[in-house]
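Chemist: Heads up: the sequence shown at position 161 corresponds to 160 in numbering that gives the first Met the number 0, and the numbers run straight through without jumps. We put the beta carbon where it would ideally sit given N, CA and C, even for glycine. Quick caveat, the model's predicted, so the values are computed rather than measured. Quick one: the structure is below, questions incoming.
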Amino acid sequence: MWSIGTPLWATIEKSILTPTLYFPSDRKLNGAQTHAVNACLSPEDRHRIVVIQGPPGTGKTTVIAATVTSIIASSAEATVYLVAQSNVAVKNIAEKLASIKFFDFKILVSYGFHFDWHEHLYEDKLSKNLIRSDEFGANPVAVERQLRGFRVILCTLSMLSHDRLGTITRLVPLQTVIFDEASQVEIGDYMPLLVRFRSMLHKLVFIGDDKQHRMPIPIGNFISGHVYENKLKSEHLITDSLCCRFIDVGNGVEESVGHSWKNVAEISTAINIARQLHSQKKSFRIITPYDPQRSFLESALKQAKLPWEDKCFNIDAFQGNEDDYIIISLVRSAKMGFLKETRRVNVMLTRCKMGMAICTSRKFIEGAAAESLVGKLSKFLPGSVWVKNSQIQKGRFALFAPK
Numbered sequence: 000m001w002s003i004g005t006p007l008w009a010t011i012e013k014s015i016l017t018p019t020l021y022f023p024s025d026r027k028l029n030g031a032q033t034h035a036v037n038a039c040l041s042p043e044d045r046h047r048i049v050v051i052q053g054p055p056g057t058g059k060t061t062v063i064a065a066t067v068t069s070i071i072a073s074s075a076e077a078t079v080y081l082v083a084q085s086n087v088a089v090k091n092i093a094e095k096l097a098s099i100k101f102f103d104f105k106i107l108v109s110y111g112f113h114f115d116w117h118e119h120l121y122e123d124k125l126s127k128n129l130i131r132s133d134e135f136g137a138n139p140v141a142v143e144r145q146l147r148g149f150r151v152i153l154c155t156l157s158m159l160s161h162d163r164l165g166t167i168t169r170l171v172p173l174q175t176v177i178f179d180e181a182s183q184v185e186i187g188d189y190m191p192l193l194v195r196f197r198s199m200l201h202k203l204v205f206i207g208d209d210k211q212h213r214m215p216i217p218i219g220n221f222i223s224g225h226v227y228e229n230k231l232k233s234e235h236l237i238t239d240s241l242c243c244r245f246i247d248v249g250n251g252v253e254e255s256v257g258h259s260w261k262n263v264a265e266i267s268t269a270i271n272i273a274r275q276l277h278s279q280k281k282s283f284r285i286i287t288p289y290d291p292q293r294s295f296l297e298s299a300l301k302q303a304k305l306p307w308e309d310k311c312f313n314i315d316a317f318q319g320n321e322d323d324y325i326i327i328s329l330v331r332s333a334k335m336g337f338l339k340e341t342r343r344v345n346v347m348l349t350r351c352k353m354g355m356a357i358c359t360s361r362k363f364i365e366g367a368a369a370e371s372l373v374g375k376l377s378k379f380l381p382g383s384v385w386v387k388n389s390q391i392q393k394g395r396f397a398l399f400a401p402k
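Shown next as structure tokens:
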């Protein structure tokens, strides 16, 4: 516990922080969203910290967008920082703002993230909103020029610890800070921020969820027990453990592609599953840890004359997204690689709303990868969750019941 008192907080300028709700979108806010936004806008002391909880699909990102547009419309001096644990979550907020034609924001990204890993996350429509961390101290005049007129900053929580962030906060002080996916952050990780910027802070908004409605019960229960210390509650109509199937692609071999990987046999299997789901009129996406595999999968879908646009993603690019059915190509067959990263594997396993098919090698999952999150999932689910690849290739086995 920590107390709220005058020493921790900046003095609130009532004239600055008394905005009225303004949301320039054709989509109207419902009652719960309006109530949440009004709490975020309230200058009352009891609303200096606001906690908003809601399951996926209840419009939490819409609440963020409406709060931002309302604050910025209220005053020429008000500022807002939108902060999340992951770069992908930050991107999702940016796209929500862009969808309502609000582009008056800047996104702070690390040089390494942007160029070495995820440059593709930011399309042309957002690229002009980026400021790289290597520019903070190297060219403060250029940064000041880029920030001129902008009062909304998007970044990750770790970015707020950057030693040269002062260039930014001097021009755009932290007044209102909104944390998305707040439940993914340990409480202690917020403390350095509160101490470092205590003289600027007016309001903190934490947005998250303690209950999930996306995943079928067996998958949700597994994730709760192995990632969230049994604190994540699940509500879903699907209770059958066969909502998750493992396809044994025994002949699949990981192959290096530059500094990344592909698995040709898994591509063929994933396409056959996609063909089956498409024939059943089921909505699906294919995700994989490695970008070369994603590219090959997309080309294979196109060649098979199946829907291919907006269908294949690497896992990091798909964070914050979902679909009814998720096909996963793990790629690895010998070494753990990506599977060592529990946080990213957690993202991979939590995208489906109705069912998930994991293309991999049973020998690998029950051997080298047995202690990974995926290996533990295969042991956790009761019954026969494994399916032979030959059954899929010959079209003799329906992974999921037809609609």
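Glutamine 390 by DSSP, collapsed to three states: which one?
Modeler: Along the sequence shown, read from residue 1 onward, the residue named residue 390 stands at position 391. Three-state DSSP puts glutamine 390 in a helix.
Chemist: Are the beta-carbon atoms belonging to serine 233 and valine 384 less than 8 Å from one another?
Modeler: Residue numbering aside, residue 233 sits at position 234 when the sequence shown is read from its first letter. Residue numbering aside, residue 384 sits at position 385 when the sequence shown is read from its first letter. Not closer than 8 Å, so no.
Chemist: In whole angstroms, give me the CA-to-CA distance for tyrosine 324 and isoleucine 216.
Modeler: In the sequence shown, counting from the first residue as 1, residue 324 sits at position 325. In the sequence shown, counting from the first residue as 1, residue 216 sits at position 217. The straight-line gap from Cα to Cα measures roughly 15 Å.
Chemist: Do three or more CB pairs link the segment 341 to 361 to the segment 295 to 305 at distances below 8 Å?
Modeler: Result no; under three Cβ-Cβ pairs closer than 8 Å.
Chemist: Okay, do the segment 261 to 273 and the segment 314 to 323 touch, 3+ Cβ pairs below 8 Å being the bar?
Modeler: Segments in contact, no.
Chemist: Going by beta-carbon coordinates alone, are serine 98 and phenylalanine 22 separated by less than 8 Å?
Modeler: For the purposes of this step, residue 98 is identified with residue 99 of the sequence shown, where counting begins at 1. For the purposes of this step, residue 22 is identified with residue 23 of the sequence shown, where counting begins at 1. No.
Chemist: Taking the CB atoms as reference points, tell me whether cysteine 358 and glutamate 265 lie closer together than 8 Å.
Modeler: Taking the sequence shown and counting its residues from 1, the one referred to as residue 358 is at position 359. Taking the sequence shown and counting its residues from 1, the one referred to as residue 265 is at position 266. Yes, Cβ-Cβ distance for cysteine 358 and glutamate 265 is below 8 Å.
Chemist: Could you have a look at glutamate 118 and say whether DSSP puts it in helix, strand or coil?
Modeler: Here residue 118 refers to the residue found at position 119 when the sequence shown is read from its first residue. A caution first: glutamate 118 carries a pLDDT of 49, below 50, which makes its placement in the model unreliable, though a value can still be read off. Of the three classes helix, strand and coil, the one that applies to glutamate 118 here is helix, per DSSP.
Chemist: Determine the closest residue to isoleucine 335 out of Val36, Arg131, Tyr289, with distance taken between C-alpha atoms.
Modeler: Numbered from 1 along the sequence shown, position 336 holds the residue referred to as residue 335. Per the sequence shown, residue 335 should be read as methionine rather than isoleucine. Minimum Cα distance to methionine 335 is reached at Tyr289.
Chemist: How about valine 49 and valine 204: do their beta carbons lie closer than 8 Å?
Modeler: Taking the sequence shown and counting its residues from 1, the one referred to as residue 49 is at position 50. Taking the sequence shown and counting its residues from 1, the one referred to as residue 204 is at position 205. Contact: yes.
Chemist: Put glutamine 211 into one of helix, strand or coil per three-state DSSP.
Modeler: The residue labelled residue 211 in the question sits at position 212 within the sequence shown. In this structure, glutamine 211 counts as strand in the three-state DSSP scheme.
Chemist: Using the DSSP secondary-structure output, state which residues sit across from cysteine 358 in a beta bridge.
Modeler: In the sequence shown, residue 358 corresponds to position 359, counting from 1. DSSP, once it has assigned bridges, lists Ile246, Ser328 as partnering cysteine 358.
Chemist: Which runs of the alpha helix (DSSP H) fall wholly inside the segment 248 to 326 and span at least 4 residues, in chain order?
Modeler: Counting whole runs of 4 or more residues, the segment 248 to 326 contains the alpha helix (DSSP H) stretches 263 to 278, 290 to 302, 314 to 317.
Chemist: What separation, rounded to the nearest whole angstrom, lies between the Cα atoms of alanine 83 and valine 67?
Modeler: What you label residue 83 is simply residue 84 of the sequence shown in a count that begins at 1. What you label residue 67 is simply residue 68 of the sequence shown in a count that begins at 1. About 15 Å.
Chemist: Which of helix, strand or coil does DSSP assign to leucine 173?
Modeler: On the sequence shown, residue 173 is found 174 positions in, with the first residue counted as 1. Coil.
Chemist: Using the DSSP secondary-structure output, state which residues sit across from serine 132 in a beta bridge.
Modeler: Counting from 1 along the sequence shown, the entry for residue 132 is found at position 133. Bridge partners of serine 132: none, in fact.
Chemist: Am I right that valine 89 and threonine 155 are in contact with their C-beta atoms under 8 Å? What's the rounded C-beta distance?
Modeler: Translated into the one-based positions of the sequence shown, residue 89 becomes position 90. Translated into the one-based positions of the sequence shown, residue 155 becomes position 156. Indeed, because the Cβ distance is near 6 Å, the residues count as touching under 8 Å.
Chemist: Rounded to whole angstroms, how far is the Cβ of leucine 173 from the Cβ of serine 132, which I believe are closer than 8 Å?
Modeler: Looking up residue 173 in the sequence shown gives position 174. Looking up residue 132 in the sequence shown gives position 133. That belief does not hold up - the Cβ atoms of leucine 173 and serine 132 are roughly 17 Å apart, past 8 Å.
Chemist: How would you call serine 126, buried or exposed, if buried means at least 16 neighbouring beta carbons within 10 angstroms?
Modeler: Taking the sequence shown and counting its residues from 1, the one referred to as residue 126 is at position 127. Exposed: under 16 other Cβ atoms inside 10 Å.
Chemist: Can you list, in chain order, the residues of its chain whose CB lies under 8 Å from that of valine 184, leaving out five sequence neighbours each side?
Modeler: Locating residue 184 in the sequence shown gives position 185, counting from the first residue. The residues are Gln84, Leu156, Phe178.
Chemist: By a C-beta neighbour count over all protein chains shown, 10 Å radius and 16 as the cutoff for buried, is asparagine 313 buried or exposed?
Modeler: Start at 1 with the first residue of the sequence shown, and residue 313 comes out as number 314. Looking at its Cβ environment, which holds 16 or more other Cβ atoms inside 10 Å, asparagine 313 is buried.
Chemist: Can you grab the Cα-Cα spacing for the pair histidine 225 / histidine 235, in whole Å?
Modeler: Counted from its first residue, the sequence shown places residue 225 at position 226. Counted from its first residue, the sequence shown places residue 235 at position 236. Their Cα atoms are separated by approximately 19 Å.
Chemist: Just mark glutamate 253 as buried or exposed, buried being the case when its beta carbon has 16 or more other beta carbons within 10 Å.
Modeler: Taking the sequence shown and counting its residues from 1, one reaches residue 253 at position 254. Result: buried.
Chemist: Find out if the Cβ-Cβ distance for the pair glycine 249, lysine 362 is shorter than 8 Å.
Modeler: Along the sequence shown, read from residue 1 onward, the residue named residue 249 stands at position 250. Along the sequence shown, read from residue 1 onward, the residue named residue 362 stands at position 363. Against a cut-off of 8 Å, the Cβ pair of lysine 362 and glycine 249 comes out as a contact.
Chemist: Provide the residue(s) that pair with alanine 83 in DSSP beta bridges, ordered along the chain.
Modeler: Sequence index remark: in the sequence shown, residue 83 carries index 84 (1-based). Answer is Thr155, bridged to alanine 83.
Chemist: Please determine, among Thr349, Ser282, Pro306, the residue with the shortest C-alpha to C-alpha distance to aspartate 315.
Modeler: Here residue 315 is taken as the residue at index 316 of the sequence shown, counted from 1. When only C-alpha atoms are compared, the closest one is Thr349.
Chemist: Is the beta carbon of isoleucine 71 closer than 8 Å to that of arginine 150?
Modeler: The count along the sequence shown starts at 1 and reaches residue 150 at position 151. The count along the sequence shown starts at 1 and reaches residue 71 at position 72. Their beta carbons are under 8 Å apart, which means arginine 150 touches isoleucine 71 by this criterion.
Chemist: Within 10 Å of its beta-carbon, does valine 386 have 16 or more other beta-carbons around it, so buried, or fewer, so exposed?
Modeler: On the sequence shown, position 387 is the one that residue 386 refers to. Flag for valine 386 reads buried.
Chemist: Ignore the nearest five residues each way along the sequence and tell me which others in lysine 375's own chain have a CB closer than 7 Å to its CB.
Modeler: Within the sequence shown, numbered from 1, the residue matching residue 375 stands at position 376. Closer than 7 Å at the Cβ level, and outside the excluded window around lysine 375, lie His225.
Chemist: When DSSP labels each residue in this structure, what does tryptophan 385 get in the three-state scheme?
Modeler: As a position in the sequence shown, residue 385 is number 386, starting the count at 1. It is a strand residue.
Chemist: Rounded to the nearest angstrom, what separates leucine 146 and serine 255 at their Cα positions?
Modeler: Position 147 of the sequence shown, counted from the first residue, corresponds to residue 146. Position 256 of the sequence shown, counted from the first residue, corresponds to residue 255. C-alpha separation (whole angstroms): 42 Å.
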